[in-house]
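Notes follow once the structure below has been shown.
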Amino acid sequence: MIKALLKTMRPRQWVKNVIVFFALVFDKQLFQLEPALRTLAGFALFSLISSAVYIFNDISDIDADRQHPEKKHRPLPSGELPVGVARVFGIFLVTIVFPSAWLLTPAFATVLAIYFLMMLAYSSRLKHIPILDVMILAAGFVLRVHSGVTLIEVERFSPWLYVITTLGALYLGFGKRRAELTLLVDGASSHRKVLEGYTIPLLDQFITIVSGTTIVAYSLYTFTAPNVPDNHAMMLTIPFVIYAIFRYLYLVQISQVTGSPEEIVLTDRPLQIAIALWGIVVMAVFYLS
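Position 200 (the sequence shown) corresponds to 200 in full-length UniProt numbering; numbering is contiguous.
Set out below in structure tokens:
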């Protein structure tokens, strides 16, 4: 049962919460002990509250997941994990996370509360509304970034990063919906109601718009943001961002990869290399230039 609980918590999805570290990295405080420890604690708490959301979402979707070709193997729809146990454990996580978050900073606890309530609303109703469903998911990523800002005393964190995060999350969200349509084909709407409001051509248009806008926004950030070095060295990271965007699009449309964006990042080596090189160059630009 412990193994089933851990699986339902989706620890592989915690990779999303890495963006909590954006404020720490881009405000040049990565190697300062106290801000680093506070951000690490925030990352852990955000991961736990997101796990609670996954648990409650799986409870809500248990009947639909039993009809899904992949999700039916999850602990709750498969019967491996009793619903009552999952619900009690989800409540337990919530009761641990919020007092701990308040001890870090009340602002951080407030961001977590907004995220938690928003995702509960998403799980119960908003995920069935086309376009809004992806926008809610994007808002969750923005809250992750902002939570990192609330954990430390930020001096020069650029609002451009909120814009880029929003656009990037929309890109991944529409890509995920496209992958779901490809996987489920004619039975898509019976597995996820919101897919009735999407078609592959429509999603391709959304992806084209958002991907192009993301590249433009990121490029503008690299030489106009107040916290980047004056030598414009941050522009050296643009090719890695472009490659990562194109690579994900290639995987979704040509290779017909149907996993979630997080699963793709954790399994596709070229994408991992691009992200790693981007991170290395960012570190060199901010901390060595």
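Just so you know, even glycine gets a beta-carbon here, dropped at the ideal spot from N, CA and C.
Practice item. Please determine, among Lys7, Asp27 and Leu6, the residue with the shortest C-alpha to C-alpha distance to Arg283. Key: The residue labelled residue 283 in the question sits at position 283 within the sequence shown. According to the sequence shown, residue 283 is Met rather than Arg. Per the Cα distances, Asp27.
Exercise for review: Would you give the residue range spanned by the alpha helix (DSSP H) that Asp65 belongs to?
Suggested key: Locating residue 65 in the sequence shown gives position 65, where the first residue counts as 1. The continuous alpha helix (DSSP H) containing Asp65 extends over residues Ile62 to Asp65.
Point to revise | DSSP state of Pro99 mapped onto helix, strand, coil | key: Locating residue 99 in the sequence shown gives position 99, counting from the first residue. Three-state result, Pro99: helix.
Review point. How many whole angstroms separate the CB atoms of Thr214 and Tyr171, which I take to be in contact at a CB cut-off of 8 Å?
Key: Here residue 214 corresponds to residue number 214 of the sequence shown, with the count starting at 1. Here residue 171 corresponds to residue number 171 of the sequence shown, with the count starting at 1. About 6 Å separates the two Cβ atoms, so the contact holds.
Review point. Counting Cβ pairs closer than 8 Å, one from the stretch 133–152 and one from the stretch 31–46, do we hit at least three?
Key: At 8 Å Cβ cutoff, the stretches touch.
Review point. Do the stretch 135–144 and the stretch 193–204 touch if we need at least three Cβ pairs shorter than 8 Å?
Key: Judged by pairs of C-beta atoms under 8 Å, the stretch 135–144 does not touch the stretch 193–204, as fewer than three such pairs exist.
Check your understanding: Leu161: beta carbon under 6 Å from a heavy atom of the ligand COA?
Key -> Of ligands this structure carries none, so the ligand COA is not represented either.
Review point. Alpha carbon to alpha carbon, what distance is there between Val163 and Asp58?
Key: Residue numbering aside, residue 58 sits at position 58 when the sequence shown is read from its first letter. Residue numbering aside, residue 163 sits at position 163 when the sequence shown is read from its first letter. Each residue's alpha carbon lies about 30 Å from the other.
Point to revise | Own chain residues within Cβ distance below 8 Å of Leu5, not counting five before or after | key: Mapped onto the sequence shown, residue 5 falls at position 5. The answer, listed in chain order, is Pro75, Leu81, Val85, Ala86 and Phe89.
Practice item. Identify the continuous alpha helix (DSSP H) that holds Ala276 and give its terminal residues. Key: Residue 276 sits at position 276 when you count from the first residue of the sequence shown. Ala276 -> alpha helix (DSSP H) spans Arg269 to Tyr287.
Point to revise | Residue range of the alpha helix (DSSP H) that includes Met119 | key: On the sequence shown, residue 119 is found 119 positions in, with the first residue counted as 1. First-last of the alpha helix (DSSP H) with Met119: Pro106 to Ser124.
Check your understanding: Any idea what DSSP makes of Asp230, helix, strand or coil?
Key -> In the sequence shown, residue 230 corresponds to position 230, counting from 1. For Asp230, the secondary structure class from DSSP, reduced to helix, strand or coil, is coil.
Exercise for review: Just mark Ile152 as buried or exposed, buried being the case when its beta carbon has 16 or more other beta carbons within 10 Å.
Suggested key: Here residue 152 is taken as the residue at index 152 of the sequence shown, counted from 1. By the neighbour-count rule (16 or more Cβ atoms within 10 Å), Ile152 is buried.
Check your understanding: Closest to Lys127 by CA distance: which of Lys71, Pro77 and Ser60 is it?
Key -> As a working mapping, residue 127 is identified with position 127 in the sequence shown. For the residues Lys71, Pro77 and Ser60, the minimum Cα distance to Lys127 belongs to Ser60.
Exercise for review: Using the Cα positions of Ser100 and Ser51, report the straight-line distance between them to the nearest angstrom.
Suggested key: The residue you call residue 100 lines up with position 100 of the sequence shown. The residue you call residue 51 lines up with position 51 of the sequence shown. So the alpha carbons of these two residues sit roughly 16 Å apart.
Exercise for review: Mark Phe22 as exposed unless 16 or more other C-beta atoms lie within 10 angstroms of its C-beta, in which case mark it buried.
Suggested key: As a position in the sequence shown, residue 22 is number 22, starting the count at 1. Around the Cβ of Phe22, a 10 Å sphere holds 16 or more other Cβ atoms; the residue is buried.
Practice item. In the DSSP assignment, find the unbroken alpha helix (DSSP H) run with Gln29 in it and report its ends. Key: By 1-based counting over the sequence shown, the position of residue 29 is 29. Taken as a continuous stretch (DSSP letters only), Gln29 belongs to no alpha helix (DSSP H), as it is neither H nor E.
Review point. What's the gap between the Cα of Phe98 and the Cα of Met119?
Key: Along the sequence shown, one-based indexing puts residue 98 at 98. Along the sequence shown, one-based indexing puts residue 119 at 119. Each residue's alpha carbon lies about 15 Å from the other.
Point to revise | Minimum C-alpha distance to Ile242 - residue among Met1, Glu196, Leu33 and Ser219 | key: Locating residue 242 in the sequence shown gives position 242, where the first residue counts as 1. The shortest Cα separation from Ile242 among Met1, Glu196, Leu33 and Ser219 belongs to Ser219.
Check your understanding: On the three-state DSSP scale, how would you describe Met135?
Key -> Reading the sequence shown from its first residue, position 135 is the one you call residue 135. Of the three classes helix, strand and coil, the one that applies to Met135 here is helix, per DSSP.
Review point. Which residue from Phe157, Leu161, Val154 and Gln205 puts its Cα closest to that of Phe174?
Key: Taking the sequence shown and counting its residues from 1, one reaches residue 174 at position 174. Of Phe157, Leu161, Val154 and Gln205, the residue nearest in Cα terms is Gln205.
**Study point:** Residue closest to Ala244, alpha-carbon to alpha-carbon, out of Ala233, Met234, Pro261 and His232
**Key:** Counting from 1 along the sequence shown, the entry for residue 244 is found at position 244. Of the candidates Ala233, Met234, Pro261 and His232, the residue whose Cα lies closest to the Cα of Ala244 is Pro261.
Practice item. Please go through the same chain and pick out, in chain order, the residues whose beta-carbon is closer than 6 Å to the beta-carbon of Trp14, but skip the five residues on each side of it. Key: By 1-based counting over the sequence shown, the position of residue 14 is 14. So the qualifying residues of the chain are Ser47.
Review point. Does the distance from the CB of Thr237 to the CB of Trp278 come in under 7 Å?
Key: For the purposes of this step, residue 237 is identified with residue 237 of the sequence shown, where counting begins at 1. For the purposes of this step, residue 278 is identified with residue 278 of the sequence shown, where counting begins at 1. A contact, by the Cβ cut-off of 7 Å.
**Study point:** Unbroken stretches of the alpha helix (DSSP H), 4 residues or longer, contained in the stretch 35–90
**Key:** For the stretch 35–90, the continuous alpha helix (DSSP H) assignments of 4+ residues that do not extend past its boundaries occur at 62–65 and 75–78, in sequence order.
Check your understanding: Which class does Ile254 belong to by DSSP, given the choice of helix, strand or coil?
Key -> Numbered from 1 along the sequence shown, position 254 holds the residue referred to as residue 254. Ile254 falls in the coil class under three-state DSSP.
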